[in-house]
Every structure is written in C-alpha cells, then in structure tokens.
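J.: Under our numbering, the first residue of the sequence shown is numbered 98, with each subsequent residue one higher.
The structure follows.
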Amino acid sequence: MNYKNPFAIRASERIETDERFLELFSVEPLSYLEHNNANDSLWGTMTYILSSPGAGKTTLLRLFSPSVLRRVTAKNTNLIYRKLTKLNVKDKEEHILKCGVYLQMGRDYEFLEDDELFGRREQRRYFLSLLNARIVLATLKSCMTLAGIKYTALQKLIYKPDEPIKQFGEIKESYTGKDLLNWATRQERKICEFLDNFVVPKDGIDGNDELFALEAMNAKWFSFEDKPLCSEFIFQIDDAHKLTDRQKRIIHSEVAERRTHSTLWIAERLEALSAEEILDDNNKLGRDYQVIKLENLSQSLFNKMAKGIASMRSKVSYEGIDLLTCLSETSTENYNAVYNEASKKYFAQLKSLKNYANFEACATEISNEGPYERAMHSKAMLIYAARENKSPTFFSYSYQEMINILSKDFNDYAEELMPGEINKLPQYYGAQTLIDLASGNIEQFLSVASKMYELLLSKKIMDPSHYDLSPEDQDMIVSNYCKEHLNGIKQLNHGNKIYKFLTSLIDFCREQTFSMTYSYRTVSGFAVKEENSLFSVKDGFWFQKAENNDLANILKDCLANNLLCKVPRTQGKKDQNWTVFYLNEWLCAYAHLPLRRGGWRKLSLSRLNQWVNNIK
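Have a look at this one:
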C-alpha cells in the first residue's frame, strides 16, 4: 500500500499491520535502551518511560510486541534485527528471548477508587484483582502470537509453575491456557459487571492482596507442544497517566517490596507527574527503579531517527517524492534592496557609538562592497564595535584587520541575526532545520513535514519535471505552523496562562538577543534566581514554596508539553548549579531567533511571577 501523503500518518497505534508499522516508523527509539542495556540494568527491573505527547513511547513499546518480533526474526537483514540482537531480545538461532506483554490503561480503573462504592481496602484489592486478571489475559495473548495459535487452541498451551499458585484457586501441577483464560475472564467480568450495574455478582467479587501476576506469569513456565515460547516477558503498562496517583503508588510499592525480578515498563506522559517531580533535578527516583525520558535522546540519534523516518515514508508515497532532498537551501530571489536598507540601518547605529572613530575608515571601505557583503560586514562590525564601546581603545582598525577579526566569529553571528532582525528574509529552511524544529519530538517533525509534503505534491502536479520547496516556501510553512501551534496552546489545561507566560518570555528573549549591547550571541532561556536565598544552589528549592505554586505548575506544564526544555548548567565563582529553561526550537522560530541554545539570563521569582499573572 502506498500513501498520497505518508507524513500525515501520526500515531503508531493506528497502523493496523506490523508490516506497515515497520515501513513507517524508525527503529531508532531502540537506541534509548542501549545505554541501559550496556549497564546491565534494562532487564529484571522496573523502568518508567516518560515523554511528552508524540515523543514515541507507544512506538517503542510496539517494537517489542510478539507479532513485530516474529516478523523481524523472519527477515533477519534489517536494522531492527541487529538492534534487537544487541539488546539480547533474540539469539543467533532466531529464538525470541524476550517478548512484550502489553496492557493499555483506561479510565475504568478510576471508577474503582470511588469512596461511595468501596472502602480503601476494597479499592486496593479490586484494583489488584482487575490488574492481575488483565496481566494474565495479556500474557495469554502474547503466548498465542508466539505460538501462532488462536483461542481455540489454548488447550494445547501448557503452564507449569515451579510451585502452586494459590490465587488460581484449584491447586494443580499444571494448567492449560484455557484454564488461565477462564480464571482471568471470570475475575474481570465480576468487577466490570459491578462497575456497569452497581450490583454485586451472586458469587461475590474476588479481591487480591498482591500484584502476584508479574511473578506468576513467568515465561519459562509456558510451553506449546513441549517447546518453550521465550525466556522472559517484558510487561508493559502503557498510558499509566490514566491511573490515579494512589493506583500508581500501589503498583510501585508492590513491585518494589516484592523484589520481583520481572521486567516492568511503565509508560506515561510527563503531564501526569507533579511539578516537584519534573522540576527537581536533585530528585532521586530511588534504587528500585530507573527512568528513561524519551526527549533526552541525543541530537545525533534524533537526527538519525528523523532522517530514517523521512526516507522510509518517502519510499511509500504514491508520487515517490523524497522530502528531504526537495528542501532547497538556495534562494533564487533578489534581496539586494533588503540588504541595502539593512546596511543603512547598521551604519547609522554604528555612527551613534562613542567609539565610531575607530571604525570609520573600515565603514567607508565596507560601504563599497556588494549588497549582501555590505549588510553582513556592517552588522558584524556593529556587534564588535558595540562590545568594544564599553571600554573603547584609542586606536583605529585597518580594513584588513577588521575583516580578519570579523571572520573569526562575528560574521556567522551577523548572518544568524539578520533574518530575524530584518524580517524580510527566509530564515528557517533546509533538511537539518526541519529536524531541529522538532525539538526532539517526532510528532512535531511529522506535523511540519506533512505540510511541506502537501505543497510538494501540488508543485509536482504543476510541473512534474521540476519541483522543490524554495527557502521562501519552507519559511512560510514554518511561520504558519508556529503561529497555529502557539495559538493551540490555549486549548491545554491552564492554556491561557501558559500562553501569556510564554509570550512574555519570547518578548524578553527577543529584547535581549537584538539588544544594541550584543552581550550574548542569542538569548533563548532563563534560570530562576531566588531572592535572599540561603542556599548555595540558587535555583534548587523555590518550587517547594506555596507562593510559587502557579509558576511551578506553569513550568511543569511547559516541560510536559515540550514547550520548554530543561538543561543543567554550571556558572559562577563557586561553580553553582543552575537549571536553565530554554525555549524549544519551534518557539524560537516563532520569535525569529536562531535555532540554538545560546545565552540565558537569571530572572527573579518576582519577575517570573509577574509574567504568570500577566503583569509585565
């Protein structure tokens, strides 16, 4: 099957067949796990997989589904095959060693925490009972796929534990898959019937005091036709943010206290965490589990993932258009008039400096250059002169001396700033820019790529022999996307407050970046400065104070929705540790800032709280 616009397909769970899934989604998310596997801490432990929407958590889980694993081992030449081998998910004989058991959480678990229906003890017991039952059902589903059988053949699936499992009622040396199915469906039916009808079944509701199913569903105890199916199950709880806080604590305490050697992955959105959990860089998550944040994938790995997805999707399009190769980085437009206008402005600003005499001769020679060079050199010289203006020297620069100075760093700086300052030049274009704009989120990458692909399709219809997207085309798409995306923030919880805070931050960053002092190359972030702090780490504890709750929650929501990113920095005489909150790249594009994490400023809590309350 081919697609008109393959970039318009977003969520991996909507892809019906595994073949389509493997064609459309990159396997690079497996790179998230390689470091952990190298430290021998990936298996036999509890792992939290956290991300903002669209970062790829469900894709990562699906790569370990039994149907995908079977397809991969049957075609042992692709990249995913090699990565799974490296992760010890399969052996050299093509045996699947580790296999996913997938459970997607729903809102029905919330109903079990109704104080009017149940006491706290019943809430816990019925929650564990339902979860145990569904773990058994999900395990049976994975076993059926591994064995290549349907429900009608479950009698042939044998489960033989090393010791009796008292929770299954009838003590037997071994059970069939049908026995386990009957037990699990009965447990689930009783609880769901009560939630639907508020009537207790005649035979009552069985509760559990323990999350026993993780240990009981030992992969080594299952066989089909006297052959083992795999060595270990990877229990996956997806969309854990749909559980209540208490239910999540129950799972954590059960796994931690029982010291189970099962592999449990709990995937949830960052928005489900508290402000303190997201903001506190010193928050130790504990020895009994680990955390993987998908947005923390290195830029180089995300580049590979985005390029891989772009290539894969371009191959399954009707028109056979290779997106990334059609993103031109060369404009055919004439901007001489724009450059002439800009250089006049820069020369006028240069003349206003008290040390202008030192640069007058250079300015005269630069004014004779071509339009682009004149604009770029005059801007670069202005930046240098503005910095020197603070403590002016008493000698003039020759033209060649000035050119040599500017060529080291200032010309690049000028080229970065000019498009955003002039606002008449294309600023965001090219394959790498498209990838950078995603801010580490594959959903965002696909959103912008889809819009660019649509325009490419139109251009190919108009001229099948020559079609590409000019820098102007790309910049227009990026600009429209950023405006729409920023406006869409208002639809989030606390969206209006988030919007007002971010627009205040954007205004601040623009003011700092395009200031006549040019103290920083680019300002695109801030750190929190605590007034009258007694702590050596100045931004470590502010979010624990009640008066900063609104600010803490705004920043938490910004991080959870991939609007800001958090980067540790060290600065100061005593090597103080700071947490810097940077605008994500698409917000930089909205602000016409260069796409780089440049300078940052320490901002007081009073100023930040004013932004939260929209008092600028």
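Where is the CB? At the ideal position from N, CA and C, for every residue including glycine.
Please go through the same chain and pick out, in chain order, the residues whose beta-carbon is closer than 6 angstroms to the beta-carbon of Ser-440, but skip the five residues on each side of it.
T.: For Ser-440, the CB contacts under 6 angstroms within the same chain, skipping 5 residues up- and downstream, are Arg-471, Ala-472, Ser-475 in chain order.
J.: So, for Asp-572: in the same chain, excluding its five sequence neighbours on each side, which residues have a beta-carbon less than 8 angstroms away from its beta-carbon?
T.: Pro-523, Gln-524, Tyr-525, Tyr-526
J.: Determine the extent of the beta strand (DSSP E) in which Lys-263 is found, giving its start and end residues.
T.: Looking at the DSSP string, Lys-263 is not in any beta strand (DSSP E), and its letter there is neither H nor E.
J.: Taking Tyr-256 and Gly-274 to be in contact with their CB atoms under 8 angstroms, please state how far apart those CB atoms are, rounded to whole angstroms.
T.: 7 angstroms
J.: Please determine if the segment 265-285 and the segment 334-354 are in contact, where contact requires at least 3 C-beta pairs separated by less than 8 angstroms.
T.: Result no; under three Cβ-Cβ pairs closer than 8 angstroms.
J.: Grab the span of the beta strand (DSSP E) containing Thr-614 for me, first residue to last.
T.: First-last for Thr-614: undefined, no H or E at that position.
J.: Since Leu-398 contacts Ser-128 with CB under 8 angstroms, what's their CB separation in whole angstroms?
T.: Contact check for Leu-398 and Ser-128: beta-carbon distance about 5 angstroms, within the 8 angstroms limit, so the pair qualifies.
J.: So, is Asn-629 buried or exposed, given that buried needs 16 or more other C-beta atoms within 10 angstroms?
T.: In this prediction, Asn-629 has a pLDDT of 45, which is less than 50 and means its spatial position is unreliable; what the coordinates show is noted afterwards. Classification for Asn-629: exposed.
J.: Are Tyr-199 and Leu-158 close, meaning C-beta to C-beta below 8 angstroms?
T.: yes
J.: What separation, rounded to the nearest whole angstrom, lies between the Cα atoms of Lys-286 and Tyr-206?
T.: Per the sequence shown, the amino acid found at residue 286 is Arg instead of Lys. Those two C-alpha atoms are separated by around 14 angstroms.
J.: Select from Ala-624, Ala-310, Val-709 the residue whose C-alpha is nearest the C-alpha of His-358.
T.: Ala-310
J.: Are Gly-517 and Val-620 touching if we call contact CB-CB under 8 angstroms?
T.: no
J.: Compute the distance between the beta-carbons of Ala-535 and Gln-529, then report whether it is under 8 angstroms.
T.: no
J.: Closer than 7 angstroms by C-beta to Ile-502: which residues in its own chain qualify, once you throw out the five before and the five after it? Chain order, please.
T.: The beta carbon of Ile-502 sits closer than 7 angstroms to those of Tyr-481, all from its chain and outside the five residues before and after it, given in chain order.
J.: For the pair the segment 115-124 and the segment 400-419, tell me if three or more CB-CB distances fall below 8 angstroms.
T.: yes
J.: Asp-342 by DSSP, collapsed to three states: which one?
T.: Helix.
J.: Got a sec? Which residues, its chain only, sit under 6 angstroms from Trp-140 by beta carbon, not counting five neighbours each side?
T.: Thr-360
J.: Fully enclosed by the segment 173-220, which beta strand (DSSP E) runs are 3 residues long or longer?
T.: 195-201
J.: Verify the contact flag: Lys-642, CB atom, against every heavy atom of the ligand NAD, threshold strictly below 7 angstroms.
T.: This structure lacks the ligand NAD, and indeed carries no ligand of any kind.
J.: Helix, strand or coil for Ser-703 per DSSP?
T.: helix
J.: What does the Cβ neighbour count give for Ile-651, buried or exposed, with the cut at 16 atoms within 10 Å?
T.: buried
J.: Where does Lys-635 land, buried or exposed, given buried means 16+ other C-beta within 10 angstroms?
T.: With a pLDDT of only 46 at Lys-635, under 50, the local geometry of the prediction cannot be trusted, and the value read off the model is given with reservation. By the neighbour-count rule (16 or more Cβ atoms within 10 Å), Lys-635 is buried.
J.: From the DSSP secondary-structure annotation, give me the bridge partner or partners of Ile-255.
T.: Ile-255 pairs with Thr-273, Ser-320.
J.: Please list, in chain order, all residues of the same chain as Gly-467 whose beta carbon is under 7 angstroms from its beta carbon, the five residues on each side excluded.
T.: none
J.: Should the segment 681-692 be regarded as contacting the segment 599-611, the criterion being three or more beta carbon pairs within less than 8 angstroms?
T.: yes
J.: Report yes if the C-beta distance between Leu-553 and Ile-574 is below 8 angstroms; otherwise report no.
T.: no
J.: With H, G and I counted as helix, E and B as strand and the rest as coil, what does DSSP make of Gln-524?
T.: coil
J.: Taking Cβ positions, are Cys-655 and Ile-595 nearer each other than 8 angstroms?
T.: yes
J.: Once DSSP output is grouped into helix, strand and coil, what is the label at Leu-157?
T.: helix
J.: Classify Val-388 as helix, strand or coil using the three-state DSSP reduction.
T.: strand
J.: Ile-302 by DSSP, collapsed to three states: which one?
T.: coil
J.: Can you tell me whether DSSP reads Tyr-679 as helix, strand or coil?
T.: strand
J.: Measuring only the C-alpha atoms, how far is Asn-99 from Tyr-415?
T.: 5 angstroms
J.: To which residues does DSSP link Leu-394 through a beta bridge?
T.: Per the DSSP secondary-structure output, Leu-394 pairs with nothing in a beta bridge.
J.: Should the segment 301-310 be called in touch with the segment 223-230, which here means at least 3 C-beta pairs below 8 angstroms?
T.: yes
J.: Thinking C-beta only, is Phe-224 closer than 8 angstroms to Leu-209?
T.: Yes.
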